[in-house]
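Letter by letter, the sequence shown follows residues 1281 to 1498 in my numbering.
Think of the CB as a built atom: it goes at the ideal place given N, C-alpha and C, for glycine as much as any other residue.
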Amino acid sequence: MFLSARRAEALATLQQAEIDAARHRLWRDARAGAAAQVMLEQVWRQVGEGDPHPRLFDDLDMALARLDAGVDPLTVLAIWQGRLLRALGFGWRADRCVGCGAEASLAFFSLKRNQTVCQSCGAPYADRLLQLDPGAQLLMRNLPWPLAPEAHAGDDVAPSGIGLAAQNLYDVGALLLQRHGRRPTRARGLFHDLLTAPQAAHGRAVLGPVDEESSHGG
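Rendered as structure tokens:
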């Protein structure tokens, strides 16, 4: 890619670009394409212009590659959101309870404290906390990339298609990003629509409005 500008502060013009990876599945599979749109819009809204994040760039490239390889889009997006939060300095703590420090029976998550809560401490406030699936707790600790067909031994991977755990982790990440973001993302509504309409999995994606209000607290 080659960009040119008359002054450092001026808007650069794209003069030349070379496609390194076509990622055709993102055009053919509406769910994968919608997940990619969510990730790109999150970067645009959350990362400041001119603020370099090389590790986050690598994470985005890895996430798009996983989508292109046919990995479950919800799983990829759930892991990506956790890594984005970590890169922005909003990474959660998932190894112990925020109330008593216990490392076992972590059944809830507090959006306000950005940390897990054990069953004993969280039960009285369950209506203000997010319930955590045991599988989501494991994913939250190291955010491993889901397994792709081309993965080699030693890659940081996790099983694909983890269902409830992925949905749970995705919800936590989306709500945290909403708390720290300036505006809601439009692409997220499209992704939600496609999750509830599997028959549209191979259709072309068109962005629409989204209501980002949430009833969760904590």
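Beta-ladder partner(s) of residue i, from DSSP
i: phenylalanine 1390; result: One detail in the question is off: residue 1390 reads as serine in this sequence, not phenylalanine. Its beta-bridge partners are Gln1395.
i: arginine 1373; result: Gln1395
Selection from the options that minimises the alpha carbon distance to residue i
i: leucine 1364; options: Arg1421, Leu1340 and Gly1379; result: Leu1340
i: aspartate 1348; options: Arg1305, Cys1398 and Lys1392; result: Arg1305
i: alanine 1384; options: Ala1302, Asp1451 and Gln1399; result: Gln1399
i: glycine 1362; options: Leu1419, Asp1473, Arg1466 and Ala1301; result: Leu1419
i: arginine 1421; options: Ala1358, Arg1346 and Met1342; result: Ala1358
i: aspartate 1413; options: Ala1382, Pro1426, Asp1451 and Pro1404; result: Asp1451
i: lysine 1392; options: Gly1415, Asp1338, His1460 and Asp1375; result: His1460
i: cysteine 1377; options: His1472, Ala1315, Gln1322 and Asn1394; result: Asn1394
i: glutamine 1317; options: Pro1334, Leu1336 and Leu1344; result: Leu1344
i: proline 1353; options: Met1319, Trp1372, Arg1325 and Pro1334; result: Met1319
i: valine 1323; options: Ala1314, Trp1372 and Phe1337; result: Phe1337
i: leucine 1409; options: Trp1425, Pro1424, Leu1470 and Ser1390; result: Ser1390
i: alanine 1367; options: Gly1350, Leu1470, Ala1302 and Leu1423; result: Leu1423
i: glutamate 1520; options: Gln1458, Leu1474 and Asp1473; result: Within the shown structure, residues of the chain are numbered from 1281 to 1498, placing residue 1520 beyond reach of any answer.
i: proline 1404; options: Gly1379, Phe1471 and Arg1303; result: Gly1379
i: glycine 1415; options: Thr1355, Trp1372 and Ala1406; result: Thr1355
i: alanine 1387; options: Met1342, Gly1350 and Ala1406; result: Ala1406
i: alanine 1446; options: Ala1301, Leu1470, Val1351 and Arg1303; result: Val1351
i: proline 1426; options: Ala1315, Met1342, Arg1303 and Trp1307; result: Met1342
i: glycine 1371; options: Asp1473, Arg1466, Leu1456 and Ala1301; result: Leu1456
Residue i classed as buried or exposed, judged by whether at least 16 other C-beta atoms fall within 10 angstroms
i: leucine 1449; result: buried
i: glutamine 1411; result: exposed
i: leucine 1444; result: exposed
i: tryptophan 1360; result: buried
i: glycine 1328; result: exposed
i: glutamate 1430; result: The predicted position of glutamate 1430 is uncertain, since its pLDDT is 48 and thus under 50; no value can be drawn from it.
i: glycine 1369; result: exposed
i: arginine 1311; result: buried
i: alanine 1374; result: buried
i: arginine 1346; result: buried
i: cysteine 1401; result: buried
i: glycine 1434; result: At glycine 1434, the pLDDT of 39 sits below 50, so the modelled position is not reliable; the number obtained from the coordinates is stated separately. Exposed, by the Cβ-count rule.
i: aspartate 1309; result: buried
i: glycine 1313; result: buried
i: aspartate 1436; result: Below a pLDDT of 50, predicted positions are generally treated as unreliable, and aspartate 1436, at 46, falls in that range; the measurement from the model is reported next regardless. Counting Cβ neighbours within 10 Å, aspartate 1436 comes out exposed, since fewer than 16 surround it.
i: glycine 1381; result: exposed
i: arginine 1335; result: exposed
i: glycine 1330; result: exposed
i: alanine 1301; result: exposed
Unbroken alpha helix (DSSP H) run spanning residue i, endpoints
i: leucine 1412; result: That residue, leucine 1412, is in no alpha helix (DSSP H); it is neither H nor E in DSSP.
i: alanine 1358; result: 1353 to 1367
i: proline 1334; result: 1334 to 1348
i: tyrosine 1450; result: 1444 to 1460
i: arginine 1303; result: Careful: arginine 1303 lies outside any alpha helix (DSSP H) and carries neither H nor E.
i: arginine 1325; result: 1310 to 1326
Contact with chain E by residue i, beta-carbon distance below 8 Å
i: leucine 1344; result: No chain E appears in this structure, which consists of one protein chain only.
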